[in-house]
Structures are given as structure tokens and as C-alpha cells.
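*Asks:*
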Amino acid sequence: KRQKVDLEKQIEVSKLILDELNPTDGLIAEEMNSFIHSFVEELNDRIKEIWEHDLKVLPCGINSGELDYRFPLSVNGNSPVSPDFSIKTSLGQRDMVNLAFRLSFYVFLDMFDYPLWLDELAPSFDEQHRFNIMNFVKAHVDSNRCSQMFMVSHYVSAHGMFTNAEICIMDDSNLITKP
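First residue of the sequence shown? That's 1 in the numbering used here, and the numbers climb one at a time after it.
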């Protein structure tokens with residue numbers, strides 16, 4: 001009987017521990033929620049520097065109160081346009097969030113001197129947003145936050161901003177004018 005009582009107490013304590021360590025609504029979730037809010041704020045700061053319209057990633061779990069690790073997107077201050085930024089959003093919006101995520105990730109890891117890889121950066125952007133993102137990237141590189149930048153692009157406006165860049169043309173058969 002005593003063993004049974006002891007085991008029941010252990011089960012009760014184990015349940016309490018599991019509830020508190022639950023990643024969706026326990027102590028871990030509380031810590032994650034605080035981090036996620038800070039990260040999303042950093043993410044939105046990066047987006048604001050590039051995007052012309054009010055585009056914001058919202059913290060996960062805003063509707064349910066629990067962490068579901070889905071990040072809704074708000075456009076022009078409207079209620080979320082989708083339950084997660086990867087659903088029902090334009091390719092340009094996803095490209096913007098993905099780049100902002102990468103750069104925010106470097107900030108939170110306190111990384112300096114990293115190589116920045118930009119492969120076909122923002123092909124879905126219109127001319128204004130492409131101009132904005134290239135100005136942002138140039139300022140980012142000029143700030144010495146990253147040590148090198150490797151960029152693949154079909155747009156002259158993309159590589160033309162970097163006067164000290166080395167350019168490698170892999171196939172010049174479709175070039176009208178060479179840089």
C-alpha cells in the first residue's frame with residue numbers, strides 16, 4: 001500500500017513537472033513567448049527598413065493564447081491575412097520575411113563577420129522594393145556587420161551599387177551589355 005501511495009505521488013509530481021515544461025503553455029512556453037516577441041519586434045524593424053507598406057509579422061499564438069509556432073502576417077494594419085506568413089501571402093512578402101528572419105537571427109546570435117549569401121535576392125519584388133532592398137543591403141555591408149557578401153543576381157541594379165565588387169559572368173550568351 002505504501003509503495004502504491006508513493007507511486008501515485010510520483011505520478012502526480014511527474015504530471016506537474018510535465019505541465020510546467022510543456023512547450024505550448026508551461027514555463028518553457030512563457031520564456032519562449034518572451035523571446036518570440038523580442039524576435040518578432042526585431043524582424044519587423046528589418047521589414048520596416050525595406051518594405052513600402054505596413055507589413056508586420058505577428059507573434060505566434062495571438063488567437064489561442066498558446067504557442068502554436070505559426071506567425072500570422074498583418075498587411076496595412078488589418079487583422080492577420082493568414083494563420084502563418086507562409087500561407088496566402090505573396091512571394092514578395094515571403095521573400096521579405098525570410099530575409100528579415102535571417103538578418104534578425106544574426107542579431108540575436110550577436111554574430112559579426114559572417115558571410116552574407118544572397119542568391120537571386122527578391123526576384124518577386126517590384127522596382128521600388130528591389131531598390132529599397134539593395135540600399136538596405138549596401139548599408140548593411142557598409143556597416144561592417146558582415147565580412148563578405150556573395151550575391152547572384154540577374155539585375156544590373158543589384159550588383160551595380162557595389163563599386164568595389166568583383167563580378168564573375170558564368171555565361172554571357174544572354175547579356176546585352178557587360179558590366
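Note that beta-carbon positions come from the ideal geometry of N, C-alpha and C, so glycine has one too.
Measuring CA to CA, which of S173, L67 and V137 is closest to E31?
*Replies:* One-based indexing of the sequence shown puts residue 31 at position 31. E31 has its Cα closest to that of L67, out of S173, L67 and V137.
*Asks:* Along the chain, where does the alpha helix (DSSP H) containing S104 start, and where does it finish?
*Replies:* Taking the sequence shown and counting its residues from 1, the one referred to as residue 104 is at position 104. First-last of the alpha helix (DSSP H) with S104: L91 to F108.
*Asks:* From what residue to what residue does the alpha helix (DSSP H) around K138 run?
*Replies:* In the sequence shown, the residue the question calls residue 138 occupies position 138. Here the alpha helix (DSSP H) through K138 covers E127 to D142.
*Asks:* Could you check where the beta strand (DSSP E) with V81 kicks off and where it finishes?
*Replies:* Here residue 81 is taken as the residue at index 81 of the sequence shown, counted from 1. Note, V81: premise wrong, no beta strand (DSSP E); not H, not E.
*Asks:* Please report how far the alpha carbon of F85 lies from the alpha carbon of V75, in whole angstroms.
*Replies:* Taking the first residue of the sequence shown as 1, we reach residue 85 at position 85. Taking the first residue of the sequence shown as 1, we reach residue 75 at position 75. Using only the alpha carbons, I get a separation of about 11 Å.
*Asks:* Quick test of your reading: F71 and L58, contact by CB under 8 Å. State the CB separation rounded to the nearest angstrom.
*Replies:* As a first step, residue 71 must be located in the sequence shown, where it is residue number 71. As a first step, residue 58 must be located in the sequence shown, where it is residue number 58. Right, their Cβ atoms sit about 6 Å apart.
*Asks:* Under the criterion of a Cβ to heavy atom distance below 7 Å, does T89 qualify as lining the ligand ADP?
*Replies:* This structure does not include the ligand ADP; it has no bound ligands of any sort.
*Asks:* Tell me whether F39 is buried or exposed, calling it buried when 16 or more other Cβ atoms sit within 10 Å of its Cβ.
*Replies:* Start at 1 with the first residue of the sequence shown, and residue 39 comes out as number 39. Around the beta carbon of F39, 16 or more other beta carbons lie within 10 angstroms, which makes this residue buried.
*Asks:* What separation, rounded to the nearest whole angstrom, lies between the Cα atoms of D119 and L18?
*Replies:* Working through the sequence shown from its first residue, we reach residue 119 at position 119. Working through the sequence shown from its first residue, we reach residue 18 at position 18. Straight-line Cα distance between these residues: approximately 43 Å.
*Asks:* Please classify M170: does DSSP put it in a helix, a strand, or coil?
*Replies:* Counted from its first residue, the sequence shown places residue 170 at position 170. M170: coil per DSSP, three-state reduction.
*Asks:* Under the three-state reduction of DSSP, which class applies to K48: helix, strand or coil?
*Replies:* Position 48 of the sequence shown, counted from the start, is the residue given in the question as residue 48. Assigned with DSSP and collapsed to three states, K48 falls in helix.
*Asks:* Measure from the C-beta of I167 to each C-beta in chain C and report whether the shortest distance is under 8 Å.
*Replies:* Absent from the structure: chain C. Only one protein chain is present.
*Asks:* Can you tell me whether C60 is buried or exposed? The criterion is at least 16 other CB atoms within 10 Å of its CB, across all chains shown.
*Replies:* The residue given as residue 60 occupies position 60 in the sequence shown. Looking at its Cβ environment, which holds 16 or more other Cβ atoms inside 10 Å, C60 is buried.
*Asks:* From the DSSP output, in three-state form, read off S147 for me.
*Replies:* Taking the first residue of the sequence shown as position 1, residue 147 is located at position 147. Here S147 sits in strand by DSSP.
*Asks:* Let me confirm a value: Q3 is counted as buried when at least 16 other C-beta atoms fall within 10 Å, else exposed. Which label applies?
*Replies:* Mapped onto the sequence shown, residue 3 falls at position 3. It counts as exposed.
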